[in-house]
Amino acid sequence: MRILLVEPAIYTPAGLDKREMRPTQLISLTLPYLAAMVPPEWEVDLVYEVCEDLERDYDLAAYDVVGITTQTIQLKRTLELARTIRGLGPRVVVGGPATVEDDHSLVPVISRFSDSVVVGEADVLWQRLLADLARGELKKIYQSHEPVPMSDHPLPRFDLVDFSKIEAPHVLPSFTARGCPRRCTFCSEFLYSKWRYRPVNDVYEELIAYRDRFHIPRVVFRDDDFLVFPKRSNQLLGRLAGEGIEWGCQTDFNLARHPDVVQSALDGGMRVVSFGVESVREKNREFTEKTFFTIPEAEDLLLRLHEAGVETQVNVIFGFDWDDPDVFDETYEFAMRTKVSRLFLSVLYPIPGTPLYEHLGREGRLLEKRPQGIDDPLAVTFTPKLMTADQLVEGYLDVERRFAEADLTNRNYWLGKDLVVI
Numbered sequence: 001m002r003i004l005l006v007e008p009a010i011y012t013p014a015g016l017d018k019r020e021m022r023p024t025q026l027i028s029l030t031l032p033y034l035a036a037m038v039p040p041e042w043e044v045d046l047v048y049e050v051c052e053d054l055e056r057d058y059d060l061a062a063y064d065v066v067g068i069t070t071q072t073i074q075l076k077r078t079l080e081l082a083r084t085i086r087g088l089g090p091r092v093v094v095g096g097p098a099t100v101e102d103d104h105s106l107v108p109v110i111s112r113f114s115d116s117v118v119v120g121e122a123d124v125l126w127q128r129l130l131a132d133l134a135r136g137e138l139k140k141i142y143q144s145h146e147p148v149p150m151s152d153h154p155l156p157r158f159d160l161v162d163f164s165k166i167e168a169p170h171v172l173p174s175f176t177a178r179g180c181p182r183r184c185t186f187c188s189e190f191l192y193s194k195w196r197y198r199p200v201n202d203v204y205e206e207l208i209a210y211r212d213r214f215h216i217p218r219v220v221f222r223d224d225d226f227l228v229f230p231k232r233s234n235q236l237l238g239r240l241a242g243e244g245i246e247w248g249c250q251t252d253f254n255l256a257r258h259p260d261v262v263q264s265a266l267d268g269g270m271r272v273v274s275f276g277v278e279s280v281r282e283k284n285r286e287f288t289e290k291t292f293f294t295i296p297e298a299e300d301l302l303l304r305l306h307e308a309g310v311e312t313q314v315n316v317i318f319g320f321d322w323d324d325p326d327v328f329d330e331t332y333e334f335a336m337r338t339k340v341s342r343l344f345l346s347v348l349y350p351i352p353g354t355p356l357y358e359h360l361g362r363e364g365r366l367l368e369k370r371p372q373g374i375d376d377p378l379a380v381t382f383t384p385k386l387m388t389a390d391q392l393v394e395g396y397l398d399v400e401r402r403f404a405e406a407d408l409t410n411r412n413y414w415l416g417k418d419l420v421v422i
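Position one of the sequence shown corresponds to residue 1 (full-length UniProt numbering), numbered consecutively onward.
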């Protein structure tokens with residue numbers, strides 16, 4: 001049995017996003033992790049389409065099945081590939097976050113272009129699908145709402161990744177937990193899976209294997225909130241201290257209230273950290289239920305980490321109800337004042353199933369249900385309250401441009417200014 005696992009490229013306003021070298025921050029865990037569960041007697045290949053020509057360099061007709069993992073922003077390309085590959089003979093299986101979003105409404109669309117759809121977490125479902133495939137009994141839908149066990153995960157097959165096509169220095173992804181204990185009103189993470197975490201020893205042994213077997217002592221944790229629980233954080237970080245492993249993560253500004261965890265993180269190898277401030281306006285953060293920190297606390301923590309040599313990244317969303325045109329200048333000034341290394345901006349997208357979506361629906365401010373990003377990553381799908389949609393997009397683009405043109409020579413960069421890992 002021959003299996004090809006694919007992560008598709010993304011359409012941007014300029015066309016299909018393809019490049020010769022895959023940015024290191026885009027190495028996903030999904031393909032190597034799924035490959036680790038394929039029976040050893042089967043042949044499996046991995047393709048990150050953003051840096052490979054799938055249709056030119058691979059004999060697609062030679063595979064028995066092609067698995068495609070997709071987010072909503074990749075769905076247009078996913079459906080194109082699925083149609084092409086099925087026409088050549090292989091069966092096509094599609095899974096990923098796009099199957100869960102919008103109360104599974106995209107599943108019927110995906111089903112029309114594929115032989116099977118995996119809805120939800122793939123761990124147990126993927127093994128069940130492979131067993132059915134071996135018997136010639138592939139089902140149209142594989143779905144389970146039960147959270148998968150978080151212990152004894154297989155070591156991802158990074159040996160199958162062609163690192164000659166990945167920007168160096170290489171960084172491997174890992175995770176210590178799934179889901180998120182927070183319930184931010186704009187976020188859909190709680191729709192996907194219940195929050196739970198892996199045993200500390202399992203994570204530690206995996207990271208040591210990354211260092212010793214793959215010779216890559218750099219890791220980015222893909223947890224939604226890596227340092228959210230101080231006791232558990234200190235247990236893992238204490239074991240990492242002295243192991244020569246450097247890492248990055250995403251967490252929240254509640255970290256500012258736990259200086260012991262900050263010190264453990266610095267001692268344990270933290271080199272870059274990403275925070276979701278979401279908005280510099282307190283009213284917006286009250287609405288999103290991100291009230292577990294204040295802006296002064298966030299500023300103090302960012303400056304402390306800057307002084308410690310840590311690369312800091314901040315994520316901001318424009319378009320909340322208390323945003324007016326002045327919020328763009330306020331956000332830019334916050335980024336410059338706190339010496340952040342990177343500023344990641346986005347236009348608010350109301351996700352079906354979230355409290356934000358319900359709020360806008362009650363006020364009659366939803367414009368369309370089409371998922372943002374399929375055709376236009378800057379599509380405004382709701383009516384902003386204190387500015388026009390054009391002002392929202394123009395303000396977003398202006399802050400992005402100003403930060404890109406700013407003098408950032410005194411900022412910290414773990415692996416260089418051009419190498420983003422989170």
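Backbone N, C-alpha and C fix where the C-beta goes; we use that ideal spot for every residue, glycine too.
Exposure label - residue 167; buried when at least 16 CB within 10 Å:
In the sequence shown, residue 167 corresponds to position 167, counting from 1. It is buried - the Cβ of residue 167 has at least 16 other Cβ atoms within 10 Å.
Whole angstroms are fine: how far does the CA of residue 185 sit from the CA of residue 295?
Position 295 of the sequence shown, counted from the first residue, corresponds to residue 295. Position 185 of the sequence shown, counted from the first residue, corresponds to residue 185. Using only the alpha carbons, I get a separation of about 19 Å.
Hey, is residue 421's beta-carbon within less than 7 Å of any beta-carbon in chain D?
As a matter of chain content, chain D is missing from the structure shown, which is built from one protein chain.
Do residue 188 and residue 234 have their CB atoms nearer than 7 Å?
Counting from one through the sequence shown, the residue named residue 188 turns up at place 188. Counting from one through the sequence shown, the residue named residue 234 turns up at place 234. Contact: no.
Return the chain-ordered ranges of every beta strand (DSSP E) run that is complete within the segment 65-118 and spans a minimum of 3 residues.
For the beta strand (DSSP E) assignment, the uninterrupted runs of no fewer than 3 residues enclosed by the segment 65-118 are, from N- to C-terminal side, 65-69, 91-95.
With DSSP run on the structure shown, which of helix, strand or coil describes residue 404?
Mapped onto the sequence shown, residue 404 falls at position 404. Three-state result, residue 404: helix.
For the putative contact between residue 256 and residue 307, defined by C-beta atoms under 8 Å, what is the C-beta separation to the nearest angstrom?
As a working note, residue 256 is residue 256 in the sequence shown. As a working note, residue 307 is residue 307 in the sequence shown. Distance from residue 256 to residue 307 at the Cβ level is roughly 14 Å; contact not present, criterion being Cβ atoms closer than 8 Å.
I'd like to know if the segment 124-135 and the segment 165-181 are in contact, where contact means that at least 3 CB-CB pairs between them fall below 8 Å.
Proximity of the segment 124-135 to the segment 165-181 falls short of the contact definition, fewer than three beta-carbon pairs being nearer than 8 Å.
Three or more C-beta pairs below 8 Å linking the segment 138-156 and the segment 195-212:
Between the segment 138-156 and the segment 195-212, the count of C-beta pairs closer than 8 Å reaches three or more; the two stretches touch.
Using a threshold of 7 Å, state whether the C-beta atoms of residue 64 and residue 4 are closer than that.
For the purposes of this step, residue 64 is taken as residue 64 along the sequence shown, with counting starting at 1. For the purposes of this step, residue 4 is taken as residue 4 along the sequence shown, with counting starting at 1. Not in contact: residue 64 and residue 4 (Cβ atoms no closer than 7 Å).
In the DSSP output, which residue or residues are listed as bridge partners for residue 247?
Taking the first residue of the sequence shown as 1, we reach residue 247 at position 247. Looking at the DSSP assignment, residue 247 forms a beta bridge with 219, 270.
Complete runs of the beta strand (DSSP E) confined to the segment 275-319 [at least 3 residues]:
Unbroken beta strand (DSSP E) stretches of 3 residues or longer found wholly inside the segment 275-319: 311-318, given in chain order.
Whole-angstrom Cβ separation of residue 120 and residue 145, contact assumed at under 8 Å?
Looking up residue 120 in the sequence shown gives position 120. Looking up residue 145 in the sequence shown gives position 145. Confirmed, about 7 Å.
Check the DSSP bridge columns for residue 177 and list the partner residues they point to.
The residue given as residue 177 occupies position 177 in the sequence shown. Partner(s): 197.
So what does residue 45 bridge to, in DSSP terms?
Start at 1 with the first residue of the sequence shown, and residue 45 comes out as number 45. According to DSSP, residue 45 shares a beta bridge with 4.
Identify whether residue 360 lies in helix, strand or coil by the three-state DSSP scheme.
Here residue 360 refers to the residue found at position 360 of the sequence shown. Here residue 360 sits in helix by DSSP.
When you compare the CB positions of residue 280 and residue 331, do they come within less than 7 Å of one another, or not?
Against the sequence shown, residue 280 aligns to sequence position 280. Against the sequence shown, residue 331 aligns to sequence position 331. Their beta carbons are under 7 Å apart, which means residue 280 touches residue 331 by this criterion.
Can you look up residue 340 in the DSSP assignment and give me helix, strand or coil?
Residue mapping note: residue 340 aligns to position 340 of the sequence shown, counting from 1. Three-state result, residue 340: coil.
Between the C-alpha atoms of residue 78 and residue 392, what's the straight-line distance to the nearest angstrom?
For the purposes of this step, residue 78 is taken as the residue at position 78 of the sequence shown. For the purposes of this step, residue 392 is taken as the residue at position 392 of the sequence shown. Between residue 78 and residue 392, the C-alpha separation is close to 30 Å.
Would residue 422 and residue 248 be called neighbours here (beta carbons separated by less than 7 Å)?
The residue you call residue 422 lines up with position 422 of the sequence shown. The residue you call residue 248 lines up with position 248 of the sequence shown. Contact: yes.
Assuming residue 35 contacts residue 133 under a Cβ cut-off of 8 Å, what Cβ separation, rounded to an integer in Å, is found between them?
The sequence position of residue 35 within the sequence shown is 35, counting from 1. The sequence position of residue 133 within the sequence shown is 133, counting from 1. About 15 Å; that fails the 8 Å criterion.
Can you name the residues that DSSP bridges to residue 347?
Within the sequence shown, residue 347 is the residue found at index 347, counting from 1. Within the DSSP secondary-structure output, residue 347 pairs in a beta bridge with 318.
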